[in-house]
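Notes follow once the structure below has been shown.
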Amino acid sequence: MLFGMPLLSLVIWLPIFFGVAVLVTGDRNAFAARWLALIGAGLGFLAAIPLYTQFNLVSPGMQFVELAPWIETFKINYHLGVDGISVLFILLTSFTTVLVVIAGWKVIEVNVAQYMAAFLIMSGLMIGVFAALDAILFYVFWEAMLIPMFIAIGVWGGVRRVYASIKFFLYTLLGSLLMLVAFIYLYLKTGHFEILKYHELSLSLKEQVLIFLAFFTAFAVKVPMWPVHTWLPDAHVEAPTGGSVVLAAIMLKLGAYGFLRFSLPIAPDGSHFLSGFMITLSLIAVVYIGLVALVQTDMKKLIAYSSISHMGFVTLGFFIFNAIGMEGALVQMISHGFISGALFLCVGVMYDRVHSRNISDYGGVANKMPMFAAFFVLFAMANAGLPATSGFVGEFMVIMGAIKVNFWYAFLAATTLIFGAAYTLWMVKRVVFGAVGNDHVEHMQDISSREFLVLALLAVAVLAMGIYPKPFTEVMHVSVNNLLAHVALSKCGACAW
């Protein structure tokens, strides 16, 4: 409880309430809309901090649980709770929302109130996904969060924003339909929509495989895994900077989170049965998409493909079924939220000055923007997995976990350290270093105090996590071990097909 209110409800509905208030304010007073949005985002983040500070590190169960009847006819409840896995993503979401509001302070000049409201409402809905313990409540939050992102891309995006927004919406919506079918099937089996009770079901191997594949259609698209990844580069390129940050930092994590909350515990034997399939897709993403990133000429598209490659590490860590691999995957998810968000913000800073994302339109930026260049190089090196940055920790842990299972898994996964360094250094060399490329670069001004604040906060997060990751890993440790113990137990007897 916080201020006499249920904590999780406060963290979910506070940004949504302020988002509606900002929307009501409208563009009659853009100044008030900006400040109201910042207050709402800030209060949302402050409300989320006790979830971490008061979290019981030795309890494997759900904490801060809230339960109230919602649609009693179908036994649908307003049921919330967090464990050591979901609590970190709620903090990441609320923290990212604050940065997005600050980053868009001066950049967004048209429909300011609607822009700020979209991201505040989206923040609350995404937190709802991480906290929901009722399948229908989860599904409502899961689908509802698409709407503000669809609007953000469609209204404030680039030249092909309509195409990108519709493609994003259709991919993610259609991918979720089979997930709803799986929920209905589980409801018919049990008579309720309680996610935690689904974990106790004894299902045949055939049922588990079919349920796993139904969930796979929703979660693989959202990650996104190869070959259902094609919507992401288009969405990133056309989205406004804030949209790209939220897509990379939070929305991609929702799909990976779904595997942990649904696929693995509900269909443990099905997960083992299909683990080779999942590992293969993950390694294709790491290697092939890393090579695709090498040939990109648009900075946003390069970072988007880099995100797909790095998320391959995440799904690989999940399906090798050991603690260090899974914890490494979770660390990679949090780290990627910091690093990819920072890189998209850096591209946004340059785009605001030159109005181009093409690598060839830059050169020698460090000569005119030395402070910005320092941040950009730091985040680029973290993206390449430089030791002492957060990008190294998760990848190292996943490789360590993979080598315990199969040397070649680890070998192929480790190629990302080569490809990541190649495409990252290629971009940095052509954008940041060398002689000033053209007149546009000649007239670039270094970052403002507002931009410095946003990038500095992310730099601190990247370095802190890279140097001392224990505050992150100790929270998830018990929950990860509990999940792996659950997945190791057969839920289908002799597992006859």
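All the letters of the sequence shown, read from the start, carry residue numbers 3 to 499 under this note's numbering.
By construction, the Cβ of each residue, glycine as well, lies at the ideal position given by its N, Cα and C atoms.
Since this is a predicted model, take the numbers as computed values, not measurements.
- Burial is judged here by how many other beta carbons sit within 10 angstroms of a residue's own beta carbon; residue 345 has at least 16 and is buried.
- A Cβ-Cβ contact shorter than 9 angstroms links residue 77 with residue 194.
- Between the stretch 134-148 and the stretch 36-46, the count of Cβ pairs shorter than 8 angstroms is below three; the stretches do not touch.
- In the DSSP annotation of this structure, residue 66 is not part of any alpha helix (DSSP H); the continuous beta strand (DSSP E) holding it starts and ends at 65-73.
- Using a 10 angstroms sphere on the CB of residue 410, the tally of other CB atoms stays under 16, which defines it as exposed.
- Excluding its 5 nearest sequence neighbours in each direction, residue 92 has C-beta neighbours in its own chain below 7 angstroms: 13, 50, 53, 84, 129, 132, 133, listed in chain order.
- Less than 9 angstroms divides the Cβ of residue 225 from the Cβ of residue 317.
- Rounded to whole angstroms, residue 471 and residue 441 show a C-alpha spacing of 43 angstroms.
- With a 10 Å radius around the Cβ and a threshold of 16 neighbouring Cβ atoms, residue 255 comes out buried.
- Residue 81 is positioned such that its CB atom lies no closer than 9 angstroms to that of residue 488.
- Residue 223 and residue 173 do touch by the CB rule: their CB atoms are close to 5 angstroms apart, below 8 angstroms.
- Restricted to the stretch 331-365, not a single alpha helix (DSSP H) segment is unbroken, complete and at least 4 residues in length.
- Around residue 230, the same chain offers 173, 177, 222, 223 as residues with beta carbons nearer than 8 angstroms, after the five sequence neighbours per side are excluded.
- DSSP places residue 81 within a strand segment (E or B) once states are collapsed to three.
- Under DSSP, the beta-bridge partners assigned to residue 196 are 136.
- As computed with DSSP, residue 271 is found in no beta bridge at all.
- Beta-bridge analysis with DSSP links residue 29 to no other residue.
- Distance from residue 155 to residue 237 at the Cβ level is roughly 6 angstroms; contact confirmed, criterion being Cβ atoms closer than 8 angstroms.
- Short of 6 angstroms from the beta carbon of residue 285, and not among the five residues preceding or following it, lie these beta carbons of its own chain, in chain order: 414.
- Take the alpha-carbon of residue 96 and the one of residue 43: they are about 7 angstroms apart.
- In this model, residue 326 and residue 181 are separated by some 29 angstroms (Cα to Cα).
- Non-local beta-carbon contacts of residue 62 in its own chain, meaning distances under 7 angstroms to residues more than five positions away in sequence, involve 480, 481, 484 in chain order.
- Partner residues in the beta bridge of residue 300, as assigned by DSSP, are 360.
- Taking C-beta atoms as the reference points, residue 350 and residue 439 fail to come closer than 9 angstroms.
- Distance from the CA of residue 329 to the CA of residue 477, rounded to the nearest whole angstrom, comes to 10 angstroms.
- If you ignore the 5 residues before and after residue 45, its C-beta comes within less than 7 angstroms of the C-beta of 16, all in its own chain and listed in chain order.
- Using a Cβ distance threshold of 9 angstroms, residue 314 and residue 227 count as a contacting pair.
- Membership of residue 158 in the alpha helix (DSSP H) is indicated by the continuous run 148-158.
- Contact between residue 334 and residue 312 holds, since their C-beta atoms are separated by about 7 angstroms, short of 8 angstroms.
- Residue 88 places its beta carbon 9 angstroms or farther from that of residue 359.
- When only Cα atoms are considered, residue 70 and residue 343 end up about 36 angstroms apart.
- Here residue 217 is buried. Its C-beta has 16 or more other C-beta atoms within 10 Å.
- The C-beta distance from residue 426 to residue 288 rounds to 15 angstroms, too long to meet the 8 angstroms contact threshold.
- The stretch 270-279 and the stretch 365-376 do not touch, with fewer than three beta-carbon pairs separated by less than 8 angstroms.
- In the assembly as shown, residue 278 is an exposed residue. Its beta-carbon has fewer than 16 other beta-carbons within 10 Å.
- The closest CA to that of residue 21, considering only 456, 117, 163, is found on 117.
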